[in-house]
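Before any comments, here is the structure.
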Amino acid sequence: MPTRSLAAARRAGVLAKHMASSVSSELQEEPLVKFEEHLAVRRFILNRPQKLNALNAQMLDSLASRIEQWDHAELCGVIVGTGTGKAFSAGGDVAGVIEDAAHEATRPKAVDYFRREYGLDYTLANLSKPFVAIMDGLTFGGGFGLVVPAPFRVATEKCAVSMPETKIGFFPDVGASYYLSRLDGQIGTYLALTGTSLSGRAVFEHGLATHYIPSARVPLLLESLAGLEKPTFAQVNEAIEDLHYDREPSDTVAPLSGEIRAALDSAFSQGTVKGIISALQTYVTSGATTEVVQWAKDTLSMLEERSPTSLEVALAAIRKGKSLDLLESFKMELAMAAAFCNGASSDFHTGVTSVIVEKVKSRPAWSPASLSQVDVAKLEAAFFRPGANPPQLMLPEALHKPHPPPTSFLRYGLPAENEVQALVEGRHASSGSGALTLQELIVKAEDLRGGKHGVAEKVREVVSRRCTADKDGYLKWKH
Numbered sequence: 001m002p003t004r005s006l007a008a009a010r011r012a013g014v015l016a017k018h019m020a021s022s023v024s025s026e027l028q029e030e031p032l033v034k035f036e037e038h039l040a041v042r043r044f045i046l047n048r049p050q051k052l053n054a055l056n057a058q059m060l061d062s063l064a065s066r067i068e069q070w071d072h073a074e075l076c077g078v079i080v081g082t083g084t085g086k087a088f089s090a091g092g093d094v095a096g097v098i099e100d101a102a103h104e105a106t107r108p109k110a111v112d113y114f115r116r117e118y119g120l121d122y123t124l125a126n127l128s129k130p131f132v133a134i135m136d137g138l139t140f141g142g143g144f145g146l147v148v149p150a151p152f153r154v155a156t157e158k159c160a161v162s163m164p165e166t167k168i169g170f171f172p173d174v175g176a177s178y179y180l181s182r183l184d185g186q187i188g189t190y191l192a193l194t195g196t197s198l199s200g201r202a203v204f205e206h207g208l209a210t211h212y213i214p215s216a217r218v219p220l221l222l223e224s225l226a227g228l229e230k231p232t233f234a235q236v237n238e239a240i241e242d243l244h245y246d247r248e249p250s251d252t253v254a255p256l257s258g259e260i261r262a263a264l265d266s267a268f269s270q271g272t273v274k275g276i277i278s279a280l281q282t283y284v285t286s287g288a289t290t291e292v293v294q295w296a297k298d299t300l301s302m303l304e305e306r307s308p309t310s311l312e313v314a315l316a317a318i319r320k321g322k323s324l325d326l327l328e329s330f331k332m333e334l335a336m337a338a339a340f341c342n343g344a345s346s347d348f349h350t351g352v353t354s355v356i357v358e359k360v361k362s363r364p365a366w367s368p369a370s371l372s373q374v375d376v377a378k379l380e381a382a383f384f385r386p387g388a389n390p391p392q393l394m395l396p397e398a399l400h401k402p403h404p405p406p407t408s409f410l411r412y413g414l415p416a417e418n419e420v421q422a423l424v425e426g427r428h429a430s431s432g433s434g435a436l437t438l439q440e441l442i443v444k445a446e447d448l449r450g451g452k453h454g455v456a457e458k459v460r461e462v463v464s465r466r467c468t469a470d471k472d473g474y475l476k477w478k479h
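If you're matching positions, the sequence shown starts at 1 in our numbering and goes up one per residue.
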């Protein structure tokens with residue numbers, strides 16, 4: 001063979017090998033979100049395990065498109081969300097967001113990320129089909145934003161939930177101003193400001209999950225749901241309840257209960273971050289129990305590490321969110337996220353760069369560095385007074401129109417503390433004319449929740465903190 005022909009043949013062989021390798025690589029490359037259909041179940045699987053299923057814009061778009069299709073599909077009975085690997089999702093891909101926000105030309109892309117994310121989260125809260133989110137691993141930030149709208153939020157012993165945004169100079173978003181402000185007492189405020197995580201059964205006991213099952217039973221749950229024909233919300237609830245894992249005597253007590261919970265509610269009910277810190281300092285020096293003193297010290301240490309700007313913005317958002325509906329909360333949060341992207345505070349860029357990109361262990365160089373230097377009035381103007389053309393959520397057309405309010409995210413969980421209070425005080429819709437003993441209260445609460453597991457333990461914990469009993473055992477609420 002002539003030399004030129006031999007060289008050409010070799011080049012062709014190399015090219016063919018390269019093309020075959022490229023095709024093979026493309027065929028083997030997994031999608032970032034997998035979609036499965038099995039009988040009545042339509043399941044999305046977050047599939048970016050090397051990034052702990054951190055959500056990028058491509059994943060958000062894929063989810064939004066498919067979920068809208070499923071919600072209108074006649075053969076879809078229930079929508080299920082899970083994650084691959086050790087996380088459901090560790091949150092949004094904020095490293096990419098701050099990179100876009102750093103340059104004027106790409107800054108709209110950063111804001112669009114939040115328009116997509118919050119629009120998807122709001123869509124999930126308004127699904128007509130039952131939606132089951134399974135937290136069988138880490139569920140942080142934007143990951144919890146996909147979970148919390150679900151009427152059925154399943155936690156396992158592998159689950160850990162956190163809204164860690166104040167650690168990175170941002171604020172708890174994805175509807176946190178609405179959802180966290182509606183948890184018992186001041187638990188939501190505490191979680192929002194500290195960014196601390198709850199794990200395992202505590203996620204269920206404190207209202208972030210509606211059900212708690214062992215991780216090993218997740219496949220059984222998926223099969224049970226698939227076998228339901230045109231399932232109702234009640235049938236889905238029953239299918240999950242059937243797999244419930246009862247508390248063992250060796251299980252640890254819920255971390256935010258008893259005297260710690262009483263101290264938490266008192267401290268985090270203060271109107272300012274400085275007031276919260278002052279209250280915590282009082283617990284450290286006032287002769288409280290050893291357990292409460294240690295909790296207060298740990299909490300103060302966490303707050304000291306957080307962005308002062310983020311703490312003030314987060315507290316304001318939680319307080320405002322208490323009186324807003326879900327759509328109003330998302331609109332407020334989108335304006336806040338846009339303000340961060342547009343440079344209202346440099347802490348978002350500083351925090352993500354230090355904590356996520358460079359993984360620095362020391363406190364980031366927040367600006368301003370302390371609460372005493374924060375101008376709260378300026379923050380109010382910068383974050384809570386959007387201009388004439390605020391950014392809009394990316395929503396399906398139907399959600400731009402008036403629609404019935406979504407099912408309460410607390411509907412299928414343990415009874416809220418204010419519901420227990422209403423039963424004790426005889427103000428509940430089901431109340432009779434007489435007072436209740438503890439056992440009567442438990443029976444009543446269990447009946448209202450259809451015999452749900454965990455109700456008796458929740459009622460006892462609430463009564464131990466908030467009620468007294470007369471000589472005949474009838475309960476009275478302590479104000």
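For glycine and all other residues, C-beta sits at the position ideal for the given N, C-alpha and C.
The structure presented is a predicted model; accordingly, all values stated were derived computationally and were not measured.
Quiz prompt | Span of the beta strand (DSSP E), counted from its first residue to its last, around residue 34 | solution = 33-38 is the span of the beta strand (DSSP E), which, as asked, contains residue 34.
Exercise. Pull up the DSSP beta-bridge partners for residue 79, would you.
Key: DSSP output for residue 79 lists 42, 131 as bridge partner(s).
Quiz item: What residues are listed by DSSP as bridge partners for residue 212?
Solution: According to the DSSP secondary-structure assignment, residue 212 is paired through a beta bridge with 155.
Quiz item: With 16 as the cutoff for other CB atoms within 10 Å, does residue 347 come out buried or exposed?
Solution: Residue environment for residue 347: buried (at least 16 other C-beta atoms within 10 angstroms of its C-beta).
Quiz item: Using the rule of at least 16 other Cβ atoms within 10 Å of the residue's Cβ for burial, across every protein chain shown, is residue 329 buried or exposed?
Solution: With 16 or more Cβ atoms within 10 Å of its Cβ, residue 329 is classed as buried.
Self-check item: Close-in-space but distant-in-sequence residues of the same chain around residue 183 (CB under 6 Å, 5 per side omitted)
Solution: If the five residues before and after residue 183 are omitted, its C-beta is found closer than 6 Å to the C-beta atoms of 207, all from its own chain and listed in chain order.
Quiz prompt | Residue(s) in a DSSP beta bridge with residue 162 | solution = DSSP links residue 162 through a beta bridge to 140, 197.
Quiz item: Around the C-beta of residue 360, are 16 or more other C-beta atoms found within 10 angstroms, so that it is buried, or is it exposed?
Solution: So residue 360 ends up on the exposed side.
Self-check item: residue 87 versus residue 52 - alpha carbon distance
Solution: For residue 87 and residue 52, the distance between alpha carbons rounds to 6 Å.
Quiz item: Which same chain residues, not among the five before or five after residue 363, have their C-beta less than 7 Å away from its C-beta?
Solution: Around residue 363: 305.
Self-check item: Buried versus exposed call for residue 458 [16 or more other C-beta atoms within 10 Å across all chains shown]
Solution: That one is buried.
Quiz item: How is the beta strand (DSSP E) around residue 120 delimited, first residue to last?
Solution: Per DSSP, residue 120 belongs to no beta strand (DSSP E); it is in the alpha helix (DSSP H), 107-125.
Practice problem: With distances taken Cα to Cα, identify the nearest neighbour of residue 247 among 201, 280, 292. | Solution: With distances taken between Cα atoms, residue 247 lies closest to 201.
Self-check item: Residues that residue 467 bridges to, as DSSP identifies them
Solution: For residue 467, the beta-bridge partners assigned by DSSP are 477.
Quiz item: Any idea what DSSP makes of residue 52, helix, strand or coil?
Solution: The answer is coil: DSSP assigns residue 52 none of H, G, I, E or B.
Quiz item: Of all the options 95, 83, 101, 45, which has the alpha carbon lying nearest to the alpha carbon of residue 341?
Solution: Looking from the CA of residue 341, the closest CA among 95, 83, 101, 45 belongs to 101.
Quiz item: If you follow the alpha helix (DSSP H) that residue 338 is part of, which residue opens it and which one closes it?
Solution: Per DSSP, the unbroken alpha helix (DSSP H) holding residue 338 starts and ends at 326-341.
Exercise. Sort out for me which residues DSSP pairs residue 89 with in a bridge.
Key: For residue 89, the beta-bridge partners assigned by DSSP are 139.
Exercise. Leaving out five residues on either side along the sequence, give the residues of the same chain with a beta carbon under 7 Å from the beta carbon of residue 63.
Key: Result list for residue 63: 33, 44, 120, in chain order.
Quiz item: Okay, do the stretch 153-160 and the stretch 331-345 touch, 3+ Cβ pairs below 8 Å being the bar?
Solution: Counting C-beta pairs with one atom in each stretch, the stretch 153-160 and the stretch 331-345 have fewer than three that are closer than 8 Å, which means they do not touch.
Quiz item: In terms of DSSP beta bridges, what is residue 272 paired with?
Solution: Residue 272 is not bridged to any residue.
Self-check item: residue 437 - DSSP class collapsed to helix/strand/coil
Solution: Here DSSP, grouped into helix, strand and coil, assigns residue 437 to strand.
Practice problem: Rank 383, 194, 263, 352 by C-alpha distance to the C-alpha of residue 301 and give the top, closest one. | Solution: That would be 194, whose Cα lies nearest to the Cα of residue 301.
Quiz prompt | Exposure label - residue 242; buried when at least 16 CB within 10 Å | solution = In summary, residue 242 is exposed, with fewer than 16 beta-carbon neighbours lying within 10 Å of its beta-carbon over all protein chains present.
Quiz prompt | Sequence-distant residues of the same chain with beta carbon closer than 7 Å to residue 268, five excluded per side | solution = Around residue 268, the same chain offers 186, 189, 190, 276 as residues with beta carbons nearer than 7 Å, after the five sequence neighbours per side are excluded.
Self-check item: Sub-8 Å separation of residue 446 and residue 456 beta-carbons
Solution: Remark: C-beta atoms of residue 446 and residue 456 approach each other more closely than 8 Å.
Quiz item: Tell me which same chain residues have a C-beta within less than 6 Å of the C-beta of residue 211, skipping the five on either side of it?
Solution: Excluding sequence neighbours, residue 211 sits near 154, 240.
Self-check item: Length-filtered (4 minimum) alpha helix (DSSP H) runs lying within the stretch 333-402
Solution: For the stretch 333-402, whole alpha helix (DSSP H) runs of length 4 or above, ordered along the chain, are 347-351, 376-384.
Quiz item: For residue 483, which option in 354, 365, 369, 335 has the closest C-alpha, if you only look at C-alpha atoms?
Solution: Nothing about residue 483 can be read from this structure; the chain reaches only from 1 to 479.
Quiz item: Can you check whether the CB of residue 315 is closer than 8 Å to the CB of residue 78?
Solution: No, the Cβ-Cβ distance between residue 78 and residue 315 is not below 8 Å.
Self-check item: DSSP three-state assignment for residue 285, whether helix, strand or coil
Solution: The answer is helix: DSSP assigns residue 285 an H, G or I state.
Self-check item: Cβ neighbours of residue 461 in the same chain (closer than 6 Å, five flanking residues each side left out)
Solution: Taken in chain order, the residues that qualify are 257.
Practice problem: With a cut-off of 8 Å on the beta carbons, I'd call residue 344 and residue 383 a contact; round off their distance for me. | Solution: That belief holds up - the Cβ atoms of residue 344 and residue 383 are roughly 6 Å apart, short of 8 Å.
Self-check item: residue 48, buried or exposed, once every other Cβ within 10 Å from all chains shown has been counted against 16
Solution: By the beta-carbon neighbour count (other beta carbons within 10 angstroms, threshold 16), residue 48 is buried.
Quiz item: Distance, Cα to Cα, residue 303 vs residue 162?
Solution: Computed Cα separation, rounded: 15 Å.
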